[in-house]
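Q:
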Ligand code: HPA
């Protein structure tokens, strides 16, 4: 049982042995956003260390627990923390949890992250719906022999797969409408991913702006690529924890990046708690 598929199946079977719920929706909580997991009712909390083959984060602020339960009556699997390539993990390890969630039967995924704001329209603390991404990490998580058994949704699991609608237009529309209902405008933007762990230089940020990026971060794109390979629909939400390097005349402070999550927690929670029933109750086709 050394191939990734068998390892992922083993992990999914283990999760099923701990919780009888059949989550159709998964959430990945990014840096500083892990507290959202307290919204899960009737939760079964599984430390990553107990799940066969699951990678464990080395970064403060990433708890490393899978929380299975319900939010607004919808069965969900919530990843409280993720691992990053900059920690030294392979992309197979970084995306392993998404493989497992796909095999568990998840059809939709909300991926969240902390990001630097390149677009000066955003303020610190803004929540932004990701409209598309630019992968400048230099690699792709789908590299290697294609494993068609990961194609859990109809038509997925192909060697070459479409990324035109990587961030589901239907789910983005729902999120924007919900932001409006809650009295604020959910902005959209293009997320550019770098390897990290250094923050960018001001010259890099100027270059990324020219390339069409609005947000910069060190996660998400690999998870989204693998999710799309499996046919999982994605909603991506970034929290602008800081303006990107050189935008303001001040250095970037990691503690500040972590604190912003707490400051916007009620807005973030309000949006997700309202969105989850909308994403959970409709079928993947109908949005
Ligand atoms: N750059 C890269 N990743 C980040 C940033 C940033 O400015 N802020 C939060 N994650």
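Numbering (our numbering), first residue to last: 2 to 288. Ideal placement from N, C-alpha and C gives every residue a C-beta, glycine not left out.
1. Give me the residue from 77, 204 and 224 with the minimum Cα distance to residue 247.
2. Does the beta-carbon of residue 74 have 16 or more other beta-carbons within 10 angstroms, so that it is buried, or is it exposed?
3. Cβ atoms of residue 175 and residue 130: under 7 Å apart, would you say?
4. Is the beta carbon of residue 86 sitting closer than 7 Å to the one on residue 77?
5. Check for me: the beta strand (DSSP E) holding residue 113 runs from which residue to which?
6. Can you give the beta carbon distance from residue 239 to residue 142, rounded, assuming they're within the 8 Å contact cut?
7. Is it the case that the Cβ atoms of residue 22 and residue 69 are separated by a distance below 7 Å?
8. Under 6 Å from any heavy atom of the ligand HPA, does the C-beta of residue 168 make it?
9. Taking 6 Å as the cut-off, is the CB of residue 294 close to at least one heavy atom of the ligand HPA?
10. Could you give the distance in angstroms between the alpha-carbon of residue 14 and the alpha-carbon of residue 256?
11. Relative to the C-alpha of residue 137, which residue among 146, 193, 120 and 230 is closest?
12. Can you give me the C-alpha to C-alpha distance between residue 17 and residue 105, rounded to a whole angstrom?
13. Less than 6 Å between C-beta atoms, sequence neighbours within five positions excluded: which residues of the same chain meet that for residue 1?
14. Hey, how far is the Cα of residue 7 from the Cα of residue 42?
15. For residue 4, name the three-state secondary structure that DSSP assigns.
16. Buried or exposed, going by whether 16 or more other CB atoms sit within 10 Å of the CB of residue 25?
17. Regarding residue 259 and the ligand HPA, is the C-beta to nearest heavy atom distance less than 6 Å?
18. Please classify residue 170: is it buried, with 16 or more other beta-carbons within 10 angstroms of its beta-carbon, or exposed?
19. Check whether the Cβ atoms of residue 233 and residue 243 lie closer than 7 Å to each other.
20. Across which residues does DSSP place residue 78 in a beta bridge pair?
21. Less than 6 Å between the CB of residue 218 and some heavy atom of the ligand GTP, yes or no?
22. Using the beta-carbon count (16 or more within 10 Å), is residue 144 buried or exposed?
23. Just to confirm, does residue 243 get its C-beta within under 6 Å of one of the non-hydrogen atoms of the ligand HPA?
24. Please return the same chain residues whose Cβ sits closer than 7 Å to the Cβ of residue 209, not counting the five positions on each side in sequence.
A: Reading from the atomic positions:
1. Position 246 of the chain shown holds residue 247. Of the listed residues, the one whose Cα sits closest to residue 247 is 204.
2. For this step, residue 74 is matched to residue 73 along the chain shown. Burial call: exposed.
3. Against the chain shown, residue 130 aligns to sequence position 129. Against the chain shown, residue 175 aligns to sequence position 174. No, the pair does not count as a contact, with Cβ atoms beyond the cut-off.
4. Position 85 of the chain shown, counted from the first residue, corresponds to residue 86. Position 76 of the chain shown, counted from the first residue, corresponds to residue 77. No; because the gap between Cβ atoms is not below 7 Å, this pair is not in contact.
5. To locate residue 113, count along the chain shown from 1; it is residue 112. 109-118 is the span of the beta strand (DSSP E), which, as asked, contains residue 113.
6. Residue 239 sits at position 238 when you count from the first residue of the chain shown. Residue 142 sits at position 141 when you count from the first residue of the chain shown. Residue 239 to residue 142, Cβ: 19 Å. No contact.
7. Here the question's residue 22 lines up with position 21 in the chain shown. Here the question's residue 69 lines up with position 68 in the chain shown. Yes, the Cβ-Cβ distance between residue 22 and residue 69 is below 7 Å.
8. Counted from its first residue, the chain shown places residue 168 at position 167. Not so, every heavy atom of the ligand HPA lies at least 6 Å from the Cβ.
9. A question about residue 294 goes unanswered here, because the residues of the chain that appear run from 2 up to 288.
10. Here residue 14 corresponds to residue number 13 of the chain shown, with the count starting at 1. Here residue 256 corresponds to residue number 255 of the chain shown, with the count starting at 1. Going by the C-alpha atoms only, they are around 37 Å apart.
11. Within the chain shown, residue 137 is the residue found at index 136, counting from 1. Closest option to residue 137, Cα to Cα, is 193.
12. Sequence index remark: in the chain shown, residue 17 carries index 16 (1-based). Sequence index remark: in the chain shown, residue 105 carries index 104 (1-based). Approximately 8 Å, taken between the alpha carbons.
13. Coverage of the chain is limited to positions 2 through 288, which leaves residue 1 absent and any answer about it impossible.
14. To locate residue 7, count along the chain shown from 1; it is residue 6. To locate residue 42, count along the chain shown from 1; it is residue 41. About 30 Å.
15. Taking the chain shown and counting its residues from 1, the one referred to as residue 4 is at position 3. Note: residue 4 maps to coil in three-state DSSP.
16. Reading the chain shown from its first residue, position 24 is the one you call residue 25. Buried.
17. On the chain shown, position 258 is the one that residue 259 refers to. Result no, Cβ not under 6 Å from the ligand HPA.
18. Sequence index remark: in the chain shown, residue 170 carries index 169 (1-based). With fewer than 16 Cβ atoms within 10 Å of its Cβ, residue 170 is classed as exposed.
19. Residue 233 sits at position 232 when you count from the first residue of the chain shown. Residue 243 sits at position 242 when you count from the first residue of the chain shown. Contact: no.
20. On the chain shown, residue 78 is found 77 positions in, with the first residue counted as 1. DSSP lists 27 and 69 as partners of residue 78.
21. The ligand GTP is absent from the structure shown, which contains only the ligand HPA.
22. If you number the chain shown from 1, residue 144 lands on position 143. When all chains shown are included, residue 144 counts as exposed.
23. Within the chain shown, numbered from 1, the residue matching residue 243 stands at position 242. Answer for residue 243: yes, Cβ within range of the ligand HPA.
24. Reading the chain shown from its first residue, position 208 is the one you call residue 209. Only 119, 193 and 217 meet the Cβ criterion.
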